[in-house]
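Participant: Residue numbers (the numbering used here): 1097 to 1178.
In this text, a Cβ means the ideal position worked out from N, Cα and C, and glycines have one as well.
Below: one structure in structure tokens.
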Amino acid sequence: GGLDHLGVTLTIKNDVVAAASVQQEPGDRQSSYYQKIFADNYTSYVVGKNIATLKLDKVSGSSLTPIGFNDALTQIEIQAKA
């Protein structure tokens, strides 16, 4: 269906994710479906985890959205170290 976007905001304390939110930006109905599944289920995999070792795979049937989330994590780590 094309390239979609996912906004990611993390609160990090002592290298541990204290809070997380995602802003869904789907390009079509199918993307909307998978982004919603991801948004409804990702926090237990993220909050309380060390950002240096955090990497998501498939989350509740959504396999592409975690890739975008991981890309955002990389950017957030770089910003946090700057």
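So is Y1141 buried or exposed if we call it buried at 16+ other beta carbons inside 10 Å?
Facilitator: Taking the sequence shown and counting its residues from 1, the one referred to as residue 1141 is at position 45. Y1141 is buried by the Cβ-count criterion.
Participant: With 16 other CB atoms within 10 Å as the buried threshold, where does S1127 fall?
Facilitator: Working through the sequence shown from its first residue, we reach residue 1127 at position 31. By the neighbour-count rule (16 or more Cβ atoms within 10 Å), S1127 is buried.
Participant: Looking at the secondary structure, which residues open and close the beta strand (DSSP E) in which S1117 lies?
Facilitator: Taking the first residue of the sequence shown as 1, we reach residue 1117 at position 21. Per DSSP, S1117 belongs to the beta strand (DSSP E) from 1112 to 1121.
Participant: Could you pull out every residue in the same chain whose Cβ sits closer than 6 Å to the Cβ of V1155, ignoring the five residues on either side in sequence?
Facilitator: Translated into the one-based positions of the sequence shown, residue 1155 becomes position 59. F1134, N1137, Y1138, P1162, listed in sequence order.
Participant: What distance in whole Å lies between the Cβ atoms of V1118 and V1104, which are believed to be in contact at a cut-off of 8 Å?
Facilitator: Here residue 1104 refers to the residue found at position 8 of the sequence shown. Here residue 1118 refers to the residue found at position 22 of the sequence shown. Correct: roughly 6 Å between the Cβ atoms.
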